[in-house]
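Report on the structure given below.
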Amino acid sequence: MPVFDSLALDARYALRGFRRSPGFAIAVVATLAIGVGASSAVFGVVDRLLFRPLPYAHESRLVWLGIRAPIFEGLEPVMAAEFKAWRVEQKAFDAMAAIKANADCTLLDGKAARLRCARVEAEFFETMGVSPIEGRAFTPEEDRPGAAPTALISHALWTSRFGGADAIGKVLTLDGQTTRVVGVLAPGFELPNMQRPDIVLPLQMNWANQMRENNTNLIYAFGRLKPSVTLEQSRIVLQPLFDESMRFVPERFRKEVSFQVSGLRERQTRSTRTAAYFIFGAVLCLFAIGSLNAANLLLARASARREEMAVRAALGASGGALVRQTLVESVILGLGGAFAGLALGWALLRGLVAIAPAGIPRLEQAALDTRVAAAAILASIFSALLFGMVPAWRAIRPEAVHGRRATARVGQAMVALQLALSLVLLTGAALLGQSFWRLQRVELGIRGEQVVVAQIRPDPARYATLDRQVAFFDQLRRGLEQTPGVEEVSLSDSIPPTGSVNAVISSAVQVEGRASLAEGTGGMIPHRWVTPGYFATLGIPVLRGRVFDEADSRQASGIVINERLASMWFPGENPIGRRVKPPQRDWLPILGVVGNVRGAGLRRAPEPEYYEAYAPNTMPYLGMRFATVAVRSRLPEPDTGRLIEREVARLDPTIPVETEPLALRVESLTAAARFQALVLILFAVSGIALAAVGLYGVLSFLIARRTREIGVRIAVGASPSRIVRMVLRQAGAWTLAGVAAGSALSWFAVRALETLVFGVAPRDPMTLLSAAVGLSLVALLAAWLPARRAAAVDPAIALRAE
Numbered sequence: 016m017p018v019f020d021s022l023a024l025d026a027r028y029a030l031r032g033f034r035r036s037p038g039f040a041i042a043v044v045a046t047l048a049i050g051v052g053a054s055s056a057v058f059g060v061v062d063r064l065l066f067r068p069l070p071y072a073h074e075s076r077l078v079w080l081g082i083r084a085p086i087f088e089g090l091e092p093v094m095a096a097e098f099k100a101w102r103v104e105q106k107a108f109d110a111m112a113a114i115k116a117n118a119d120c121t122l123l124d125g126k127a128a129r130l131r132c133a134r135v136e137a138e139f140f141e142t143m144g145v146s147p148i149e150g151r152a153f154t155p156e157e158d159r160p161g162a163a164p165t166a167l168i169s170h171a172l173w174t175s176r177f178g179g180a181d182a183i184g185k186v187l188t189l190d191g192q193t194t195r196v197v198g199v200l201a202p203g204f205e206l207p208n209m210q211r212p213d214i215v216l217p218l219q220m221n222w223a224n225q226m227r228e229n230n231t232n233l234i235y236a237f238g239r240l241k242p243s244v245t246l247e248q249s250r251i252v253l254q255p256l257f258d259e260s261m262r263f264v265p266e267r268f269r270k271e272v273s274f275q276v277s278g279l280r281e282r283q284t285r286s287t288r289t290a291a292y293f294i295f296g297a298v299l300c301l302f303a304i305g306s307l308n309a310a311n312l313l314l315a316r317a318s319a320r321r322e323e324m325a326v327r328a329a330l331g332a333s334g335g336a337l338v339r340q341t342l343v344e345s346v347i348l349g350l351g352g353a354f355a356g357l358a359l360g361w362a363l364l365r366g367l368v369a370i371a372p373a374g375i376p377r378l379e380q381a382a383l384d385t386r387v388a389a390a391a392i393l394a395s396i397f398s399a400l401l402f403g404m405v406p407a408w409r410a411i412r413p414e415a416v417h418g419r420r421a422t423a424r425v426g427q428a429m430v431a432l433q434l435a436l437s438l439v440l441l442t443g444a445a446l447l448g449q450s451f452w453r454l455q456r457v458e459l460g461i462r463g464e465q466v467v468v469a470q471i472r473p474d475p476a477r478y479a480t481l482d483r484q485v486a487f488f489d490q491l492r493r494g495l496e497q498t499p500g501v502e503e504v505s506l507s508d509s510i511p512p513t514g515s516v517n518a519v520i521s522s523a524v525q526v527e528g529r530a531s532l533a534e535g536t537g538g539m540i541p542h543r544w545v546t547p548g549y550f551a552t553l554g555i556p557v558l559r560g561r562v563f564d565e566a567d568s569r570q571a572s573g574i575v576i577n578e579r580l581a582s583m584w585f586p587g588e589n590p591i592g593r594r595v596k597p598p599q600r601d602w603l604p605i606l607g608v609v610g611n612v613r614g615a616g617l618r619r620a621p622e623p624e625y626y627e628a629y630a631p632n633t634m635p636y637l638g639m640r641f642a643t644v645a646v647r648s649r650l651p652e653p654d655t656g657r658l659i660e661r662e663v664a665r666l667d668p669t670i671p672v673e674t675e676p677l678a679l680r681v682e683s684l685t686a687a688a689r690f691q692a693l694v695l696i697l698f699a700v701s702g703i704a705l706a707a708v709g710l711y712g713v714l715s716f717l718i719a720r721r722t723r724e725i726g727v728r729i730a731v732g733a734s735p736s737r738i739v740r741m742v743l744r745q746a747g748a749w750t751l752a753g754v755a756a757g758s759a760l761s762w763f764a765v766r767a768l769e770t771l772v773f774g775v776a777p778r779d780p781m782t783l784l785s786a787a788v789g790l791s792l793v794a795l796l797a798a799w800l801p802a803r804r805a806a807a808v809d810p811a812i813a814l815r816a817e
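In terms of the numbering used here, the sequence shown is residues 16 to 817.
Structure (structure tokens):
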């Protein structure tokens, strides 16, 4: 008989067998579907982040060049003058290019809109190996200072503003400048720093003016390695150039500065890689638990069919035919689990995307595409085949008729392994859950309820002078203060707890009566410009002295510091009236001390911080090109947002406004922790449920096979409670083995959570103990029903059946 005819016959026979025992088939398919669904959904997310090629040609040769220093925390930029020198002298790269990060810009054509704009060198597109889908990239002439403004627009902006029609040569009014469109970027275009701009402009850097002795212009630098050069070799080549650059850094700062050459993917995923790998590992644990459960079901069915297989062998069926039949059944079940799992995975992926916090790279690209679907199907079939090999092997052994004890031992070992993996998931979920609970209870230092914020950026062409800027924002503040329902209004250059904030080097601030640092920067001190009412609006308590009033908004006469800075500058002393001199400012007295605010997030201690008043004598230095308005009112937050929009439109309808409740900003600080805990808790609960079902199934199988033995025990006087204890003792041994193995695995696995948890040690003994006790109770509960069933066996019926 041809092979395909034999396989078709085996498939029909398998399907008839599944129709006779649909419960078994549904259980195996459902078990596999849970593992496949969860793993395919998570793989759809992490595949784009960790494994999928970056959207650049020969992306493995792309590197990020950067400098690490306290003043550049987390950014790794370079100074423009250093990049200029490196590019001329280096021998490791085929090409190098620089960009500036996204900054808000205003598009005034039609309805005014706030967009994200970035600036790149003309060489950028060639260096990264990308090109526009319409039009062209920038020419070297367009990248020169003073050249006529040109732009490349994103695919989304092209679709929304031009309906996908020809946009090349069209003119946009961008920040008051007439800008000509020369190209359209590909869908999903992103910069190497993973920002997605709406508009890309030429960098137009005046390289001739970049002097190492007075170099403060920051850029992000990237290079394409020559084919024969490794990442480590490029570091060696560039290190002498970096050492040369250090001659222009003050000697006392040099110990805090280091040079970095990182592969682009490694740099992009540095902050999310640990979480991605841990969650991916967790879902693989869940897949393994589901596969082990399916294997137990297959073993139990094989044991139940031992007489059938023996009879078929006696009637002439070859060992190969019996193996083929068993494996065909496994493949059919694997395919059923794969397709059911893909349907479940699609729903789970949509749910993950819906509840995931902002900031997960490439999350919007996550999909169950052909690659993910193929991986899920192959994994499911491989799992079914792997665990179907044991029944297939037993089918061709003559002693298979007498293999009950061996089958039981294999099933028990699989249950113990399921419990071990479940304990790993449960421990991780408990740690992340505790971390989330502790983060929620960290005092931020501000009250976000009933506060709405909005960044206002007037057109720089229409508000080119300082007088116009100050007049506009003064009218806005006073107009909002006079609105019924409004309690407090303030303006500032930034609002905690998210967003950028200005900062100065600690050693650059002179403090009266305090010696300067001998070496090092001393870290960074954030500072903000604020109007009267800022502290009342955000609910920041005043601890000593006073804060700014209307007189200070006319003539800044001092600064306000927070409690942390007061203890750093004046430990055990009264700071009120003491004088300090920030960079480029006069000596100023300290007016007051306010409470600490965790402006850098909940995981970090409050930073030292000081505040200056928005006033005419600070404006020439600062300018007032934009400001963040914060309004506390008795109105519902959406109404407060509309109030801000109306007031801005009354003063200037061309200014776009985007409002946001401050409470949402505060809530976003725990969003990542909540998401990680929720996902791992879901996996842990699913894993425990599958393990409990596996334990229940194995015990039920064993009790069914030992019905005569149990009947004899009862007939000779064994009490029901003794039978229950016998079954629970057996289940307890497997559980103990699983918990012991799981505790050892957890001890090593949770070390990966060190950077993800807050306020709890990854190897917290109480958490490990609680997870072990909880899992043991669930396992014993799963064993209770089969144990009660065993105790209810009627000895007369059991012996008669035998």
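Note that CB positions come from ideal geometry on N, CA and C, so glycine has one too. The model shown is predicted, which means the values in this text are computed figures rather than measured ones.
1. Under the three-state reduction of DSSP, which class applies to GLN465: helix, strand or coil?
2. If you reduce the DSSP assignment to three classes, tell me which class LYS99 lands in.
3. With 16 as the cutoff for other CB atoms within 10 Å, does ASP181 come out buried or exposed?
4. Where does ALA415 land, buried or exposed, given buried means 16+ other C-beta within 10 angstroms?
5. Given this structure, state the Cα-to-Cα distance separating LEU312 from LEU446, to the nearest angstrom.
6. Classify SER736: buried if its beta carbon has 16 or more other beta carbons within 10 angstroms, exposed otherwise.
7. Identify which residue in LEU792, GLY443, LEU253 has its Cα closest to the Cα of LYS99.
8. In three-state terms, what does DSSP make of LYS270?
9. Whose C-alpha, out of ARG559, THR174, ARG211, TRP101, is nearest the C-alpha of ARG819?
10. Starting from LEU606, follow the beta strand (DSSP E) in both directions and report where the run begins and ends.
11. Measure the alpha-carbon distance for ARG803 versus LEU751 and round it to whole angstroms.
12. Could you give the DSSP three-state label for SER648: helix, strand or coil?
13. Within 10 angstroms of its Cβ, does LEU47 collect 16 or more other Cβ (buried), or is it exposed?
14. To which residues of the same chain is ASP213 closer than 6 Å at the C-beta, ignoring the five residues directly before and after it?
15. Compute the distance between the beta-carbons of GLU622 and ARG579, then report whether it is under 8 Å.
16. Does DSSP put VAL145 in a helix, a strand or coil?
17. Quick one: any contact between the segment 597 to 616 and the segment 647 to 666, if contact means 3 or more CB pairs under 8 Å?
18. What does DSSP give as the partner residue(s) for ASP119 in the beta ladder?
19. In the structure shown, what three-state DSSP assignment does VAL545 receive?
20. Going by beta carbon distance, what residues of the same chain come within less than 8 Å of GLN49, once the five residues before and after it are set aside?
21. Please tell me whether VAL78 and LEU246 are closer than 8 Å, where the distance is taken between their beta carbons.
22. Looking only at its own chain, which residues have a Cβ that is under 7 Å from the Cβ of GLN105, when we skip the five neighbours before and after it?
23. Using three-state DSSP, classify ALA620 as helix, strand or coil.
24. Can you find the residues in the same chain that come closer than 6 Å, C-beta to C-beta, to LEU695, ignoring five residues on each side of it along the sequence?
25. Identify the continuous beta strand (DSSP E) that holds ALA373 and give its terminal residues.
26. For PHE58, is the classification buried or exposed, using 16 other Cβ atoms within 10 angstroms of its Cβ as the cut-off for buried?
27. Rounded to whole angstroms, what's the CA-CA distance from THR142 to LEU69? Just pull it up for me.
28. Ignore the nearest five residues each way along the sequence and tell me which others in ILE703's own chain have a CB closer than 6 Å to its CB.
29. In the DSSP assignment, find the unbroken alpha helix (DSSP H) run with GLN484 in it and report its ends.
30. My parser needs the beta strand (DSSP E) runs of 3 or more residues fully inside the segment 648 to 708; what are they?
31. Taking 8 Å as the cut-off, decide whether the C-beta atoms of ILE82 and GLU88 are in contact.
32. By how many angstroms is the C-alpha of VAL368 removed from the C-alpha of GLU464?
33. Please tell me whether ARG744 and TRP762 are closer than 8 Å, where the distance is taken between their beta carbons.
34. State buried or exposed for PRO413, treating a residue as buried only when at least 16 other CB atoms are found within 10 Å of its CB.
35. Using the three-state DSSP reduction, which class does PHE237 fall into: helix, strand or coil?
36. Please state whether the Cβ-Cβ distance between PHE354 and LEU240 is less than 8 Å.
According to the structure data:
1. For this step, residue 465 is matched to residue 450 along the sequence shown. Residue state, collapsed to three classes: coil.
2. On the sequence shown, residue 99 is found 84 positions in, with the first residue counted as 1. Helix, per DSSP.
3. Position 166 of the sequence shown, counted from the first residue, corresponds to residue 181. Exposed: under 16 other Cβ atoms inside 10 Å.
4. The residue you call residue 415 lines up with position 400 of the sequence shown. Because the pLDDT of ALA415 is 45, which lies under 50, any placement of that residue in the model is unreliable, and the number read from its coordinates should be weighed accordingly. So ALA415 ends up on the buried side.
5. Your numbering for residue 312 matches position 297 in the sequence shown. Your numbering for residue 446 matches position 431 in the sequence shown. The straight-line gap from Cα to Cα measures roughly 32 Å.
6. In the sequence shown, residue 736 corresponds to position 721, counting from 1. Exposed.
7. Here the question's residue 99 lines up with position 84 in the sequence shown. Cα-wise, what sits closest to LYS99 is LEU253.
8. Position 255 of the sequence shown, counting from 1, holds the residue named residue 270. Correct three-state label for LYS270: helix.
9. The structure shown does not extend to residue 819, since the chain spans only 16 to 817, so no value can be given for it.
10. Along the sequence shown, read from residue 1 onward, the residue named residue 606 stands at position 591. Its beta strand (DSSP E) spans residues 603 to 609.
11. Against the sequence shown, residue 803 aligns to sequence position 788. Against the sequence shown, residue 751 aligns to sequence position 736. Approximately 21 Å, taken between the alpha carbons.
12. Counted from its first residue, the sequence shown places residue 648 at position 633. Strand, per DSSP.
13. Translated into the one-based positions of the sequence shown, residue 47 becomes position 32. It is buried - the Cβ of LEU47 has at least 16 other Cβ atoms within 10 Å.
14. In the sequence shown, residue 213 corresponds to position 198, counting from 1. These residues qualify, in order along the chain: LEU130, ARG131, SER169, LEU172.
15. The residue given as residue 622 occupies position 607 in the sequence shown. The residue given as residue 579 occupies position 564 in the sequence shown. A contact, by the Cβ cut-off of 8 Å.
16. As a position in the sequence shown, residue 145 is number 130, starting the count at 1. Looking at VAL145 - three-state DSSP - the assignment turns out to be coil, as it is neither helix nor strand.
17. no
18. For the purposes of this step, residue 119 is identified with residue 104 of the sequence shown, where counting begins at 1. Note: ASP119 sits in a beta bridge opposite ARG131.
19. Residue 545 sits at position 530 when you count from the first residue of the sequence shown. In the structure shown, VAL545 sits in a strand (DSSP, three-state: E or B).
20. In the sequence shown, counting from the first residue as 1, residue 49 sits at position 34. The identity of residue 49 in the sequence shown is Ile, whereas the question assumes Gln. Contacts found: LEU301, GLY305, GLY356, LEU359, SER701, LEU705.
21. Position 63 of the sequence shown, counted from the first residue, corresponds to residue 78. Position 231 of the sequence shown, counted from the first residue, corresponds to residue 246. Yes, the Cβ-Cβ distance between VAL78 and LEU246 is below 8 Å.
22. Here residue 105 corresponds to residue number 90 of the sequence shown, with the count starting at 1. For GLN105, where only same-chain residues beyond five positions count, the Cβ hits under 7 Å are VAL252, LEU253, LEU256.
23. One-based indexing of the sequence shown puts residue 620 at position 605. The answer is coil: DSSP assigns ALA620 none of H, G, I, E or B.
24. By one-based count along the sequence shown, residue 695 stands at place 680. Contacts found: ALA297, GLY443, ALA444, LEU447.
25. By one-based count along the sequence shown, residue 373 stands at place 358. It is not in any beta strand (DSSP E) - ALA373 carries neither H nor E in the DSSP assignment.
26. Working through the sequence shown from its first residue, we reach residue 58 at position 43. Buried, by the Cβ-count rule.
27. Counting from 1 along the sequence shown, the entry for residue 142 is found at position 127. Counting from 1 along the sequence shown, the entry for residue 69 is found at position 54. Going by the C-alpha atoms only, they are around 14 Å apart.
28. In the sequence shown, the residue the question calls residue 703 occupies position 688. Same-chain partners within the cutoff: SER437, VAL793.
29. Taking the sequence shown and counting its residues from 1, the one referred to as residue 484 is at position 469. Segment 481 to 496, the alpha helix (DSSP H) holding GLN484.
30. 674 to 676
31. Taking the sequence shown and counting its residues from 1, the one referred to as residue 82 is at position 67. Taking the sequence shown and counting its residues from 1, the one referred to as residue 88 is at position 73. No, the Cβ-Cβ distance between ILE82 and GLU88 is not below 8 Å.
32. As a working note, residue 464 is residue 449 in the sequence shown. As a working note, residue 368 is residue 353 in the sequence shown. Distance between the alpha carbons of GLU464 and VAL368 is about 27 Å.
33. One-based indexing of the sequence shown puts residue 744 at position 729. One-based indexing of the sequence shown puts residue 762 at position 747. Result no, Cβ atoms of ARG744 and TRP762 do not sit closer than 8 Å.
34. The residue given as residue 413 occupies position 398 in the sequence shown. Residue confidence for PRO413 is low, a pLDDT of 47 falling below 50, so the modelled location carries little weight and cannot support an answer.
35. Locating residue 237 in the sequence shown gives position 222, where the first residue counts as 1. Correct three-state label for PHE237: strand.
36. Sequence index remark: in the sequence shown, residue 354 carries index 339 (1-based). Sequence index remark: in the sequence shown, residue 240 carries index 225 (1-based). Not in contact: PHE354 and LEU240 (Cβ atoms no closer than 8 Å).
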